[in-house]
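Here the protein sequences line up with chains A and B, keeping their order.
Sequential numbering from 317 applies to the first sequence in the working numbering.
Sequential numbering from 481 applies to the second sequence in the working numbering.
Ideal Cβ placement from N, Cα and C applies to all residues, glycine included.
This one's a predicted model, so the numbers in the text were calculated from it and none came from an experiment.
Quick notes on the structure that follows.
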Amino acid sequence: MSESLNLNQLFEAAKVEPAQVSYEETKKIFLKSSILATGSFLASKGLLKLFTVNKWIIMISATTITTGGIITASLLGSTTTENSPVDLNNNSTFTQEHIISVEDSASETIIFHPIQIEDTNTLNDNHFPELVTSKESIAPLSSVDSLPLQGSTYTITRTTPKSEFDKIANNAEEVGIDFRYNVHWNNGKITRMSLIMKYTEDGNSQHVNIVSNNDLTEFNYQLGWNIDKEGKVTTIYCEAEEIEAETGHIQILLDEMELIVNAFDLKTKMQGLDTMALEIRLEIEEELEIIRLQTRALSEQINDELEEAKEEELPEIKAEIEEHLQELEEELQELEEEIEAAFEEEEEEQQ
Amino acid sequence: MSIKRQKYFLNLYEPIHERFDRFCRARAYGEMDAQDLMNETLMVAFEKLDELKSDKAFFSFLCGISIRILSNAARKKQASFKDLGAAENLSDYSIETEKNFEVEMLHKCLSKLPDIQRECIILFEISGFSINEIATIQNSSISAIKQRLRRGRERLEEILKFEVSYKVEGAL
């Protein structure tokens, strides 16, 4: 050691000296001590503070329930926020695009063509969207060379009468196409429709299948077939061109929805919820870590104390534990009831 | 909820852990195990957390509690013979480097000051409290603190000189 040591140097060294005991170690000791320092009904018997177990289990349950509650509340909150301001008519329709395929066993060509298929959502009285039906319309389209150079094309709209279907069926039968349909009208408008158009020759087959089992605002199917010079059917097809008109209507609805989303700043709110969820998760992890440490400390302590406990004391201890477990169950039940009541209140407020 | 309280407490404690560790080692040297002092202080602080006026005052809150704990321990020991040599026996950390040795030397020298001077110097020089803060912790006037610091340093320099010369002679 240098003789020239002076106080300032020593103080400087002491100021920056690293901790001898790490924070983690101190934390563990603190958590362990905090358990042992808690009041105990068996302390006088020299046994571990089993009352701590009581409190501790309640604490874990409460943490779990509360955490679950927070997450549930967040989810409920998000639904309400998003939907409560929406004031749409009860039969608003949202559309999503599906891909359907045309199968042509005669050739290896399979064409995928997008077509609008509707999933109908209706809004209930509380304006919460509720999925009522989901229908599939399968409308295979023509193969590559399917444009009708020769042949017949028929248009089916919502107002197409039964006579038109009969006419199509007759004409199809003349060229060997199996055309079957099952259509329901209400006030002159089609409410349900399913039709199959199938052509088979030399073991090769093509088919068109359209199923619409719910009210459609508008639709326009163009179906038909091509025939070659010899009068044989080459392709059968169905196009749903006019449904694009519906897309415009749907686009308006989507635009309106976007406006609503922007107006109420829902995106930011959703991001806020994401952040909140992340924070909650981190908090839960931290709390779990504390609980783990406490569990370990508690378990070690219980083992130590039980080893020291005299055999004759055990039945008495057991009886006391059971008694307090009973109390614990009652407390837990009360706690659950309180939480449930709080959630119900919260839900009512949100509504 | 207790777990929230623990978490809150630990969040307050984490950033000041190193400072508190240094304070305890300097202050407890020769009187009790520094880690015991830390643990005991933390337990008391946790119990009395409601008395904490501001989060920023947490470190001084802990130091105040440590000082009270040590003072109570000293009172209990008054009846028994105070063995100055016990200071060396109670050092609970190894002297591996010269720097550690120097710091331990400082702690040892500090332990030979009267408690009130010792605390004052530790709080000011090692823990970095201002004179005003120390005045609050020690419940004294600012001028008293200044005087304590001045006298404490003078005394400490004397002790240090003596210790250094003693060690050097011993080494020779």
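request  = Just mark Thr-469(A) as buried or exposed, buried being the case when its beta carbon has 16 or more other beta carbons within 10 Å.
outcome  = Classification of Thr-469(A): exposed, given that the 10 Å Cβ count is below 16.
task = Could you tell me which chain C residues have their CB closer than 9 Å to the CB of Arg-598(B), listed as they occur along the chain?
result = Of the chains in the structure shown, none is chain C; the protein chains are A and B.
message = Check for me: the beta strand (DSSP E) holding Gln-336(A) runs from which residue to which?
response = DSSP places Gln-336(A) outside any beta strand (DSSP E), giving it a letter other than H or E.
message = Taking the alpha carbon of Leu-614(A) as the reference point, which residue from Asn-324(A), Ser-479(A), Lys-348(A) has its own alpha carbon closest?
response = Nearest of Asn-324(A), Ser-479(A), Lys-348(A) to Leu-614(A), Cα basis: Lys-348(A).
request  = For Thr-342(A), decide whether its Cβ has a neighbour in chain B, counting only Cβ atoms nearer than 8 Å.
outcome  = Thr-342(A) belongs to the set of residues whose beta carbon lies under 8 Å from a beta carbon in chain B.
request  = Alpha carbon to alpha carbon, how far is Leu-569(A) from Leu-539(A)? Give it in angstroms, no decimals.
outcome  = Roughly 29 Å separates the two Cα atoms.
message = For Asn-498(A), which residues in the same chain have their Cβ closer than 6 Å to its Cβ, ignoring the five residues on either side in sequence?
response = Short of 6 Å from the beta carbon of Asn-498(A), and not among the five residues preceding or following it, lie these beta carbons of its own chain, in chain order: Ser-510.
request  = Mind listing, in chain order, the continuous beta strand (DSSP E) runs of no fewer than 3 residues lying wholly within the stretch 480–544 of chain A?
outcome  = Under the rule that a run must span 3 or more residues, the beta strand (DSSP E) segments found entirely inside the stretch 480–544 of chain A read 493–502, 505–517, 520–528, 536–543.
ask   = Would the beta-carbon of Val-527(A) fall within 8 Å of that of Met-513(A)?
value = In this structure, the beta-carbon distance from Val-527(A) to Met-513(A) does not fall below 8 Å.
request  = Using alpha carbons as the reference points, say which of His-500(A), Trp-541(A), Arg-496(A) lies closest to Thr-476(A).
outcome  = Ranking His-500(A), Trp-541(A), Arg-496(A) by Cα distance to Thr-476(A) puts His-500(A) first.
Between the CA atoms of Ile-493(A) and Lys-545(A) - distance to the nearest angstrom = Going from the Cα of Lys-545(A) to the Cα of Ile-493(A) covers about 17 Å.
message = As an exercise, report each continuous beta strand (DSSP E) stretch of at least 3 residues that is fully enclosed by the stretch 575–628 of chain A, in chain order.
response = Entirely contained in the stretch 575–628 of chain A, not one beta strand (DSSP E) run reaches 3 residues.
ask   = Do you know offhand how far Gln-294(A)'s Cα is from Ala-593(A)'s?
value = Because chain A spans 317 through 667 in this model, residue 294(A) falls outside it and cannot be assessed.
ask   = Got a sec: is the Cβ-Cβ distance from Glu-576(B) to anything in chain A below 8 Å?
value = Reliability fails at Glu-576(B), whose pLDDT of 48 lies under 50, so the model's placement of it is uncertain and no value is given.
inquiry  = Going by the DSSP bridge assignment, what does Cys-554(A) pair with across the sheet?
reply    = According to DSSP, Cys-554(A) bridges with Leu-539(A).
task = Mind listing the chain A neighbours of Glu-511(B)? Cutoff is C-beta to C-beta under 9 Å, in chain order.
result = Neighbours of Glu-511(B) on chain A: none; closest Cβ ~16 Å, over 9 Å.
message = With DSSP as the reference, identify every bridge partner of Glu-468(A), one or two as the case may be.
response = The sequence shown places Ser at residue 468(A), not Glu. The partner list for Ser-468(A) (beta bridge, DSSP) reads Trp-541(A).
query = Below 8 Å, can you find three or more Cβ-Cβ pairs linking the stretch 605–621 of chain B to the stretch 513–533 of chain B?
reply = No, they do not touch.
ask   = Which whole-angstrom value is the C-beta distance of Leu-636(B) and Leu-323(A), which I expect to be below 8 Å?
value = In this structure, Leu-636(B) and Leu-323(A) form a Cβ contact; the two beta carbons are roughly 6 Å apart against a cut-off of 8 Å.
inquiry  = Looking at Ile-545(B): is its Cβ nearer than 8 Å to the Cβ of Thr-521(B)?
reply    = Contact: yes.
Per-residue contacts from Glu-333(A) into chain B (C-beta, under 7 Å) = Chain-ordered, the chain B residues with CB closer than 7 Å to the CB of Glu-333(A) read Arg-502, Val-583.
ask   = Hey, would you say Val-337(A) sits closer than 8 Å to Gln-486(B), going by beta carbons?
value = Not closer than 8 Å, so no.
query = So, Leu-640(B) versus Ile-601(B), is the Cβ gap smaller than 8 Å?
reply = Taking 8 Å as the Cβ cut-off, Leu-640(B) and Ile-601(B) do not qualify as a contacting pair.
task = Please check if any C-beta of chain A sits within less than 8 Å of the C-beta of Lys-626(B).
result = Chain A contact via Cβ: absent.
query = Among residues of its own chain, excluding the 5 on either side of Tyr-515(A), which ones have a beta-carbon nearer than 6 Å to its beta-carbon?
reply = Here the set comprises Ile-493, Gln-522, Val-549, Ile-552.
query = Helix, strand or coil: how does DSSP classify Thr-521(B) here?
reply = In the structure shown, Thr-521(B) sits in a helix (DSSP, three-state: H, G or I).
query = If you drop the 5 nearest sequence neighbours on each side, which residues of the same chain put their C-beta closer than 6 Å to that of Ile-387(A)?
reply = No answer about Ile-387(A) holds up, because its pLDDT of 45 lies below 50 and its placement is not dependable.
inquiry  = Suppose the cutoff is 7 Å on Cβ atoms and the five residues either side in sequence are ignored; what does the same chain contact list for Leu-532(B) look like?
reply    = If we look at Leu-532(B) and ignore the five residues flanking it on each side, its Cβ neighbours are Phe-538, Phe-541.
task = Run down chain B in chain order and give the residues with a C-beta less than 7 Å from the C-beta of Ala-330(A).
result = Simply Arg-502, Ala-506, Val-583, Leu-586, Ile-606.
ask   = Using the C-alpha atoms, what's the distance from Asp-590(A) back to Gln-325(A)?
value = If I take the Cα positions, the gap works out to 51 Å.
query = Does any C-beta atom of chain B lie closer than 8 Å to the C-beta of Glu-682(A)?
reply = No answer is possible for residue 682(A): the residues shown for chain A start at 317 and end at 667.
key: Inter-residue CB distance, Val-583(B) and Ala-330(A) (contact presumed, cutoff 8 Å)   = At roughly 5 Å, the Cβ-Cβ gap stays under 8 Å, so Val-583(B) and Ala-330(A) are in contact.
query = What is the rounded straight-line gap between the Cα of Glu-340(A) and the Cα of Phe-659(A)?
reply = Roughly 37 Å separates the two Cα atoms.
inquiry  = Only counting the same chain, and skipping five residues up and downstream in sequence, which positions put a Cβ closer than 6 Å to that of Glu-518(B)?
reply    = Residue 518(B) is actually Met in this sequence, not Glu. Excluding sequence neighbours, Met-518(B) sits near Cys-504.
query = Can Pro-334(A) and Glu-605(B) be called in contact, C-beta distance under 8 Å?
reply = Between Pro-334(A) and Glu-605(B), the CB-CB gap reaches or exceeds 8 Å.
key: Local Cβ density within 10 Å of Gly-467(A), reported as buried at 16 or more and exposed below that   = Counting Cβ neighbours within 10 Å, Gly-467(A) comes out buried, since at least 16 surround it.
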